[in-house]
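Following: one structure in structure tokens, then a few remarks.
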Amino acid sequence: MEHRLVYGGIAAAAIALAGCHPSEGGSTAVKPPGLPSEGTISQVPLSDFAGIAMSTLGSDIANPYEGQPQAAEDGKRLFVQLNCAGCHLYSGKGSMGPDLTDDFWRYGGTPANIYKSIYEGRSRGMPAWGRALPPEDIWKLVTYIETFGGTVPPNRYQAGLQGDRPNEQVAPEVARALAEETPAVTGPIVPGVPRSAAPMQASDTNAAEQKARNETTNGATPATPPVGADYPSSQPASPGAPSKP
Amino acid sequence: MPDIRNTSTHGRFATRAFVAASAALLAVGIVRAQTSGPATPSPSAPPPATSANATAVPGAQLKLNFAPNDPPGEWHSQARDYANTRYSPLDQVTSKNVSELKVAWTFSDGTLHGHEAAPLVLDNTMYLVTPYPNIAYALDLTKAGVPIKWTFEPKPTPLSTGKACCDVVNRGGVYVNGKIIYNLLDDHTVAVDAKTGKEIWRTKMGNPENGETMTMAPFAVGNKVYVGNSGGEMGVWGYLAALDADTGKELWRAYSTGTDEQVKIGSDFKPFYSWMKGKDLGKTSWPPGMWKHGGGAVWTWVSYDPDLKLIYYGTSNPGPRVPAQRPGYNLWTSTVFARDADTGMARWAYQFTPHDEWDYDGVNEDVLMDVTIDGKVRKVLVHFDRNAYAYTIDRATGEVLVAAPFAYLNWSKGIDLKTGMPIVNPAMEPKPNIKLQNVCPPDIGGKDWQPSAVSPQTGLVYAGIFNICMDVTDHPQSYIAGTPYDGMEMQRSPAPGGNWGEFMAWNPATGKKVWSIKEHFMTMSGSLATAGDLVFYGTADGWFRAVNAHTGAVLWSYKLGSGVIGQPMTYLGPDKKQYIAVYSGIGGAAMVSSKMKGFPARGSTLYVFSINGESPHSGTTQLTTEGGAAAAEPDATASGRH
Numbered sequence: 148m149e150h151r152l153v154y155g156g157i158a159a160a161a162i163a164l165a166g167c168h169p170s171e172g173g174s175t176a177v178k179p180p181g182l183p184s185e186g187t188i189s190q191v192p193l194s195d196f197a198g199i200a201m202s203t204l205g206s207d208i209a210n211p212y213e214g215q216p217q218a219a220e221d222g223k224r225l226f227v228q229l230n231c232a233g234c235h236l237y238s239g240k241g242s243m244g245p246d247l248t249d250d251f252w253r254y255g256g257t258p259a260n261i262y263k264s265i266y267e268g269r270s271r272g273m274p275a276w277g278r279a280l281p282p283e284d285i286w287k288l289v290t291y292i293e294t295f296g297g298t299v300p301p302n303r304y305q306a307g308l309q310g311d312r313p314n315e316q317v318a319p320e321v322a323r324a325l326a327e328e329t330p331a332v333t334g335p336i337v338p339g340v341p342r343s344a345a346p347m348q349a350s351d352t353n354a355a356e357q358k359a360r361n362e363t364t365n366g367a368t369p370a371t372p373p374v375g376a377d378y379p380s381s382q383p384a385s386p387g388a389p390s391k392p
Numbered sequence: 036m037p038d039i040r041n042t043s044t045h046g047r048f049a050t051r052a053f054v055a056a057s058a059a060l061l062a063v064g065i066v067r068a069q070t071s072g073p074a075t076p077s078p079s080a081p082p083p084a085t086s087a088n089a090t091a092v093p094g095a096q097l098k099l100n101f102a103p104n105d106p107p108g109e110w111h112s113q114a115r116d117y118a119n120t121r122y123s124p125l126d127q128v129t130s131k132n133v134s135e136l137k138v139a140w141t142f143s144d145g146t147l148h149g150h151e152a153a154p155l156v157l158d159n160t161m162y163l164v165t166p167y168p169n170i171a172y173a174l175d176l177t178k179a180g181v182p183i184k185w186t187f188e189p190k191p192t193p194l195s196t197g198k199a200c201c202d203v204v205n206r207g208g209v210y211v212n213g214k215i216i217y218n219l220l221d222d223h224t225v226a227v228d229a230k231t232g233k234e235i236w237r238t239k240m241g242n243p244e245n246g247e248t249m250t251m252a253p254f255a256v257g258n259k260v261y262v263g264n265s266g267g268e269m270g271v272w273g274y275l276a277a278l279d280a281d282t283g284k285e286l287w288r289a290y291s292t293g294t295d296e297q298v299k300i301g302s303d304f305k306p307f308y309s310w311m312k313g314k315d316l317g318k319t320s321w322p323p324g325m326w327k328h329g330g331g332a333v334w335t336w337v338s339y340d341p342d343l344k345l346i347y348y349g350t351s352n353p354g355p356r357v358p359a360q361r362p363g364y365n366l367w368t369s370t371v372f373a374r375d376a377d378t379g380m381a382r383w384a385y386q387f388t389p390h391d392e393w394d395y396d397g398v399n400e401d402v403l404m405d406v407t408i409d410g411k412v413r414k415v416l417v418h419f420d421r422n423a424y425a426y427t428i429d430r431a432t433g434e435v436l437v438a439a440p441f442a443y444l445n446w447s448k449g450i451d452l453k454t455g456m457p458i459v460n461p462a463m464e465p466k467p468n469i470k471l472q473n474v475c476p477p478d479i480g481g482k483d484w485q486p487s488a489v490s491p492q493t494g495l496v497y498a499g500i501f502n503i504c505m506d507v508t509d510h511p512q513s514y515i516a517g518t519p520y521d522g523m524e525m526q527r528s529p530a531p532g533g534n535w536g537e538f539m540a541w542n543p544a545t546g547k548k549v550w551s552i553k554e555h556f557m558t559m560s561g562s563l564a565t566a567g568d569l570v571f572y573g574t575a576d577g578w579f580r581a582v583n584a585h586t587g588a589v590l591w592s593y594k595l596g597s598g599v600i601g602q603p604m605t606y607l608g609p610d611k612k613q614y615i616a617v618y619s620g621i622g623g624a625a626m627v628s629s630k631m632k633g634f635p636a637r638g639s640t641l642y643v644f645s646i647n648g649e650s651p652h653s654g655t656t657q658l659t660t661e662g663g664a665a666a667a668e669p670d671a672t673a674s675g676r677h
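Chains A and B, in that order, are what the protein sequence lines are.
Using the working numbering, count along the first sequence one by one with no gaps and you end on 392.
Using the working numbering, count along the second sequence one by one with no gaps and you end on 677.
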């Protein structure tokens with residue numbers, strides 16, 4: 148599983164976007180942002196959640212330096228100093244490493260996705276920078292990469308997963324189905340709750356049932372639990388419910 | 036049959052070739068064979084301008100040694116012989132019938148990366164080594180459909196794919212004592228049983244986490260196999276090593292930088308020029324400590340003189356590619372070494388580009404021949420350097436006899452033959468953080484690794500070369516293991532003339548271009564010369580061509596599915612007919628031109644040609660395939676690995 152926790156020793160991290168004391172990163176004075184915690188970022192999956200049609204997790208994490216020109220400038224300096232440009236080119240258009248300017252993202256193109264790719268590295272030669280760089284510097288690199296114009300805004304996290312483009316049309320049946328599905332995971336997952344204990348979705352349930360199920364699936368703890376939702380961890384799979392293919 | 040055609044016979048087919056040349060010019064229309072002088076600025080006068088007729092081809096008087104004298108219809112190593120001639124004695128396909136070449140059969144290996152290797156053929160079996168993930172195939176040439184005999188999947192780590200500078204290429208295998216031996220991208224050398232496809236040994240030669248990869252084809256002499264590393268842009272410590280072919284055990288390793296002991300320099304090291312004499316120059320010609328990540332990777336060809344018992348090979352650019360960070364000559368990068376083939380001890384060296392400021396690796400092939408110069412027969416090596424000078428060097432002493440530009444350049448105003456030093460043009464020296472425009476040639480040189488061929492029939496050496504310049508901005512670098520130690524920001528564009536490529540015939544005795552064919556796209560394929568008075572090469576946009584070796588007249592062009600950066604070869608089938616094979620699979624450094632209009636898609640197909648496409652592999656009945664193994668499902672197309 149690609150989205151296993153790689154941040155050893157990080158325990159419960161239930162609070163997104165809050166409370167972290169920022170340290171000064173880099174040499175240039177940039178307004179210290181509130182940084183998402185490692186634990187929160189770690190829970191942004193590399194792929195879709197099994198058994199959950201929708202998740203807002205990736206949308207919850209914005210780049211704390213979003214839109215700050217000085218941070219982008221610092222990121223550009225780091226991009227050259229840390230030899231990023233050697234692989235991705237000074238133009239960002241890619242060579243040994245992938246193009247960072249287009250809108251194709253194997254590992255996701257939201258700020259949180261890109262942060263994770265830098266932090267964790269990737270299996271085809273991208274080194275992991277998470278122990279070499281402070282989080283501030285990684286976010287500044289993300290800020291610079293966003294200036295290339297091909298990244299995915301947090302609010303299009305789902306669209307990015309599904310391969311959507313901003314100006315596309317949507318078939319009415321698909322639009323209807325999407326509108327009926329409510330994001331099930333609106334906050335971080337509580338570590339330690341085994342996902343395997345969660346019920347599987349039945350493929351033939353109606354939308355309302357599916358919505359209820361989504362809200363209670365896979366050990367997810369909504370930041371604000373929906374009214375009437377059962378805590379899911381001990382709920383056994385429905386007898387006879389077919390597995391998700 | 037190595038010794039029957041080893042003297043020059045230029046002019047022999049003059050009349051016939053003239054007719055063919057004229058016909059080809061009318062028929063093809065795409066390319067023009069024409070004579071062009073050396074690029075400017077040039078220390079020597081250009082050759083007389085003549086059109087593509089066959090009168091008076093001024094080839095050199097030369098003699099070739101085709102040891103180890105493999106059977107004429109076989110191809111056991113990438114260059115076919117120790118001298119790196121890439122010359123085949125097969126003569127069934129000639130300028131008379133070459134226009135009848137048609138596809139006899141094809142094979143797709145499923146790997147969509149740059150295909151730079153030549154197939155090997157022996158015992159009616161063809162052996163292929165693919166780019167990453169470095170699958171080896173044995174194909175049965177005796178059966179209809181050329182079925183797979185065995186498939187070997189070494190499964191190198193995907194980590195290595197992100198450490199290779201210029202696509203995840205492989206330059207092929209070598210046959211030694213019943214084994215196919217080749218290098219994996221992740222720094223292992225493997226030996227596979229040629230009969231069964233079973234791994235016999237695997238030796239770890241380096242660590243991909245340090246940016247080190249392996250792409251070169253091993254070179255074998257007797258029971259020794261020579262291998263080296265890639266990664267001149269990654270701050271690796273370059274080396275050439277000798278392995279025992281039976282066991283894979285490393286016998287010695289000679290680094291390209293460091294102390295004399297590390298470089299294997301001893302008392303019998305006698306460079307011709309005084310500035311390369313001294314103790315520990317591989318260390319002291321660098322700022323303190325920088326030699327440790329100084330590059331000097333060894334990633335292409337080795338040649339061997341069985342009389343002098345010396346091997347020859349070149350080393351890559353120094354690292355980082357920002358020269359301001361490493362004042363000094365940066366020995367022994369961008370250098371040719373002559374070493375005792377047995378002990379590895381250096382006998383002489385010559386640094387083509389001291390303190391290389393432009394990424395002019397010295398890795399290109401060294402073709403060995405005996406050439407008559409000023410009435411004297413000299414044992415020489417001929418080397419088309421990335422720096423756009425062609426060198427004819429006394430291979431016993433390291434003395435440069437001829438150095439003349441073969442492609443457009445402006446970094447230098449010539450080579451001083453008294454000192455062996457290039458005369459550098461100060462205006463073309465990059466300075467940190469300043470954009471320098473129109474430096475020629477660019478990092479990939481006037482010619483890259485794509486090997487030349489030589490014909491004893493013409494006395495000419497044939498090579499695909501480039502006509503490219505760059506705008507360059509140097510960015511000072513820190514060494515961070517596993518990341519590029521590079522610093523060159525570049526934009527490349529064609530040099531005057533507008534063509535990116537050219538295929539040329541070169542006289543190694545005079546240092547003059549005899550004819551050349553301009554190509555709009557890069558000419559990054561290897562060359563093949565045959566006793567049929569033909570030379571073969573391919574283009575980045577996928578044309579595979581046959582040329583009259585005397586005149587440069589294009590006699591045949593065939594459009595392949597993808598671009599050609601592989602090395603054409605030729606063999607005799609079980610039916611004793613001549614076949615010509617080449618991979619079609621664009622990639623490698625040719626991707627610097629990938630935004631050109633008409634640039635082809637990737638490919639993975641070996642094309643094999645014969646006269647009229649005839650072979651036992653096709654027919655008018657329901658032929659079927661009796662394979663010995665299934666194909667591999669490489670890389671991204673494998674089940675679950677997409």
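We put the beta carbon where it would ideally sit given N, CA and C, even for glycine.
(request) Please go through the region 142-198 of chain B and give each complete beta strand (DSSP E) segment of 3 or more residues, from N-terminal end onward. (result) DSSP runs (the beta strand (DSSP E)) wholly in the region 142-198 of chain B: 155-157, 160-164, 171-175 and 183-187.
(request) Would you mind telling me which residues of chain A sit closer than 8 Å to Glu268 (chain B), beta carbon to beta carbon, in chain order? (result) Within the second sequence, the letter at position 233 stands for residue 268 (chain B). Result: Gly233.
(request) Going by CA-CA distance only, name the one from B:Ser143, B:Leu147, B:Met249 and B:Val225 that's closest to Leu194 (chain B). (result) Here residue 194 (chain B) refers to the residue found at position 159 when the second sequence is read from its first residue. Of B:Ser143, B:Leu147, B:Met249 and B:Val225, the residue nearest in Cα terms is B:Met249.
(message) Nearest by alpha-carbon distance to His418 (chain B): which of B:Thr368, B:Ala359, B:Asn352 and B:Pro486 is it?
(response) For the purposes of this step, residue 418 (chain B) is taken as the residue at position 383 of the second sequence. Proximity to His418 (chain B) across B:Thr368, B:Ala359, B:Asn352 and B:Pro486 peaks at B:Pro486, based on C-alpha coordinates.
(request) Using a threshold of 8 Å, state whether the C-beta atoms of Ile469 (chain B) and Thr427 (chain B) are closer than that. (result) What you label residue 469 (chain B) is simply residue 434 of the second sequence in a count that begins at 1. What you label residue 427 (chain B) is simply residue 392 of the second sequence in a count that begins at 1. No, these two residues do not count as a Cβ contact at 8 Å.
(request) Along the beta strand (DSSP E) that carries Pro440 (chain B), what are the first and last residues, could you check? (result) As a first step, residue 440 (chain B) must be located in the second sequence, where it is residue number 405. Pro440 (chain B) -> beta strand (DSSP E) spans Val435 to Pro440.
(request) Starting from Cys504 (chain B), follow its DSSP beta bridges and name the residues at the other end. (result) If you number the second sequence from 1, residue 504 (chain B) lands on position 469. Per DSSP, B:Ser528.
(request) For Arg413 (chain B), write down the residues that DSSP places opposite it in a beta bridge. (result) As a working mapping, residue 413 (chain B) is identified with position 378 in the second sequence. For Arg413 (chain B), which the question treats as bridged, DSSP gives the partners B:Val406.
(message) Our contact map puts Gln360 (chain B) next to Gly207 (chain B) with C-beta atoms below 8 Å; I'd like the distance itself, whole angstroms only.
(response) Position 325 of the second sequence, counting from 1, holds the residue named residue 360 (chain B). Position 172 of the second sequence, counting from 1, holds the residue named residue 207 (chain B). A Cβ-Cβ distance of about 35 Å is found for the pair Gln360 (chain B) and Gly207 (chain B), leaving them out of contact under the 8 Å criterion.
(request) Taking C-beta pairs closer than 9 Å, name the residues in chain B that Leu229 (chain A) reaches, listed in chain order. (result) As a working mapping, residue 229 (chain A) is identified with position 82 in the first sequence. When 9 Å is used as the limit between beta carbons, Leu229 (chain A) is near these residues of chain B: Ser513, Ile515 and Thr518, in chain order.
(request) Can you give me the Cβ contacts of Pro383 (chain A) inside the same chain, cut-off strictly under 6 Å, excluding the 5 residues immediately before and after it? (result) The sequence position of residue 383 (chain A) within the first sequence is 236, counting from 1. Because Pro383 (chain A) sits at a pLDDT of 37, beneath the cut-off of 50, its placement in the model cannot be relied upon, and the following sentence gives the value as read from the coordinates. Nothing meets the Cβ criterion.
(request) For the beta strand (DSSP E) holding Glu244 (chain B), just list the boundary residues, first then last. (result) Locating residue 244 (chain B) in the second sequence gives position 209, where the first residue counts as 1. Boundaries for Glu244 (chain B): no beta strand (DSSP E) harbours it, and the DSSP string shows neither H nor E there.
(message) Counting C-beta neighbours from all protein chains within 10 Å, is the total for Gln657 (chain B) 16 or more, i.e. buried, or is it exposed?
(response) Counted from its first residue, the second sequence places residue 657 (chain B) at position 622. Here Gln657 (chain B) is exposed: its Cβ has fewer than 16 other Cβ atoms, across all protein chains shown, within 10 Å.
(request) Pull up the distance between the alpha-carbon of Leu711 (chain B) and that of Ile408 (chain B), whole angstroms please. (result) Lying before the first or after the last residue shown, residue 711 (chain B) is absent from chain B, which here runs from 36 to 677.
(request) Measure from the alpha carbon of Glu537 (chain B) to the alpha carbon of each residue in B:Pro543, B:Lys548 and B:Ile458, then state which is nearest. (result) As a first step, residue 537 (chain B) is located in the second sequence; it is residue number 502 there, counting from the start. When each option's Cα is compared against that of Glu537 (chain B), the closest is B:Lys548.
(message) On the criterion of 16 or more Cβ atoms from any shown chain inside 10 Å, does Leu316 (chain B) qualify as buried, or is it exposed?
(response) Residue numbering aside, residue 316 (chain B) sits at position 281 when the second sequence is read from its first letter. By the beta-carbon neighbour count (other beta carbons within 10 angstroms, threshold 16), Leu316 (chain B) is buried.
(request) Could you pull out every residue in the same chain whose Cβ sits closer than 7 Å to the Cβ of Ala564 (chain B), ignoring the five residues on either side in sequence? (result) As a working mapping, residue 564 (chain B) is identified with position 529 in the second sequence. So the list reads Arg121, Tyr122, Ala488, Val489, Ser490, Tyr497, Val570 and Ala584, once near-sequence residues are dropped.
(request) Give a yes or no on contact between the region 628-641 of chain B and the region 594-612 of chain B, applying the rule of three or more CB pairs nearer than 8 Å. (result) Cβ pair count under 8 Å is three or more, so yes.
(message) So the candidates are B:Gly270, B:Thr660, B:Ala255 and B:Lys190; which of them puts its Cα closest to the Cα of Ala277 (chain B)?
(response) Position 242 of the second sequence, counting from 1, holds the residue named residue 277 (chain B). Closest in alpha carbon position to Ala277 (chain B), among B:Gly270, B:Thr660, B:Ala255 and B:Lys190, is B:Ala255.
(request) Would you tell me roughly how many angstroms separate the C-alpha atoms of Glu668 (chain B) and Trp591 (chain B), rounded to the nearest one? (result) Position 633 of the second sequence holds residue 668 (chain B). Position 556 of the second sequence holds residue 591 (chain B). Spanning the two alpha carbons is a distance of roughly 35 Å.
(request) Drop a sphere of 10 angstroms on the beta-carbon of Glu661 (chain B), count the other beta-carbons inside from all chains shown, and report buried for 16 or more, exposed for fewer. (result) Locating residue 661 (chain B) in the second sequence gives position 626, where the first residue counts as 1. If you draw a 10 Å sphere on the C-beta of Glu661 (chain B), you find fewer than 16 other C-beta atoms in it, and that means exposed.
(request) Please state whether DSSP places Trp446 (chain B) in a helix, a strand or coil. (result) As a first step, residue 446 (chain B) must be located in the second sequence, where it is residue number 411. The answer is coil: DSSP assigns Trp446 (chain B) none of H, G, I, E or B.
(request) Pick out whichever of B:Lys233, B:Tyr593, B:Lys284 and B:Gly567 has its Cα sitting closest to the Cα of Ala664 (chain B). (result) As a position in the second sequence, residue 664 (chain B) is number 629, starting the count at 1. Comparing Cα-Cα distances from Ala664 (chain B) to each of B:Lys233, B:Tyr593, B:Lys284 and B:Gly567, the minimum goes to B:Lys233.
(message) Less than 8 Å between the beta carbons of Thr294 (chain A) and Ile261 (chain A), yes or no?
(response) Sequence index remark: in the first sequence, residue 294 (chain A) carries index 147 (1-based). Sequence index remark: in the first sequence, residue 261 (chain A) carries index 114 (1-based). Taking 8 Å as the Cβ cut-off, Thr294 (chain A) and Ile261 (chain A) do not qualify as a contacting pair.
(message) Strictly below 7 Å CB to CB, what residues from chain A border Lys198 (chain B)?
(response) Against the second sequence, residue 198 (chain B) aligns to sequence position 163. Chain A residues near Lys198 (chain B): Gly272.
(message) Cutting at 7 Å between CB atoms, please list the residues of its own chain near Ala359 (chain A), excluding the five before and the five after it.
(response) For the purposes of this step, residue 359 (chain A) is taken as the residue at position 212 of the first sequence. Low confidence applies to Ala359 (chain A): its pLDDT is 41, below 50, so where it sits in the model is not reliable enough to give any reading.
(request) Let me know the secondary structure DSSP gives Gly662 (chain B) once reduced to three states. (result) Residue mapping note: residue 662 (chain B) aligns to position 627 of the second sequence, counting from 1. The answer is coil: DSSP assigns Gly662 (chain B) none of H, G, I, E or B.
(message) So for Ile208 (chain A), helix, strand or coil by DSSP?
(response) Position 61 of the first sequence, counted from the start, is the residue given in the question as residue 208 (chain A). Looking at Ile208 (chain A) - three-state DSSP - the assignment turns out to be coil, as it is neither helix nor strand.
(request) Determine the chain B residues that contact Tyr266 (chain A) at a beta-carbon separation under 9 Å, and present them in chain order. (result) Taking the first sequence and counting its residues from 1, one reaches residue 266 (chain A) at position 119. None at all; the shortest Cβ gap to chain B is about 15 Å.
(request) With a 10 Å radius around its C-beta and 16 neighbouring C-beta atoms as the bar for buried, classify Val371 (chain B) as buried or exposed. (result) Residue 371 (chain B) sits at position 336 when you count from the first residue of the second sequence. With at least 16 other beta carbons inside 10 angstroms of its own, Val371 (chain B) counts as buried.
(request) Please name the residue or residues paired with Ser265 (chain B) in a DSSP beta bridge. (result) Within the second sequence, residue 265 (chain B) is the residue found at index 230, counting from 1. Ser265 (chain B) is bridged to B:Thr248.
(request) Consider the Cβ of Gly310 (chain A): report whether some Cβ of chain B lies at a distance smaller than 8 Å. (result) Stepping through the first sequence from its first residue, residue 310 (chain A) is reached at position 163. No, because no Cβ of chain B sits closer than 8 Å to the Cβ of Gly310 (chain A).
(message) On the CB-based measure, 16 or more other CB atoms within 10 Å of its CB, does Ala588 (chain B) come out buried or exposed?
(response) Translated into the one-based positions of the second sequence, residue 588 (chain B) becomes position 553. It counts as buried.
(request) Could you tell me whether the region 237-246 of chain B touches the region 301-312 of chain B, using the rule of 3 or more Cβ pairs below 8 Å? (result) No, the region 237-246 of chain B does not touch the region 301-312 of chain B.
(request) Identify the continuous beta strand (DSSP E) that holds Ala381 (chain B) and give its terminal residues. (result) On the second sequence, residue 381 (chain B) is found 346 positions in, with the first residue counted as 1. Ala381 (chain B) -> beta strand (DSSP E) spans Ala381 to Gln386.
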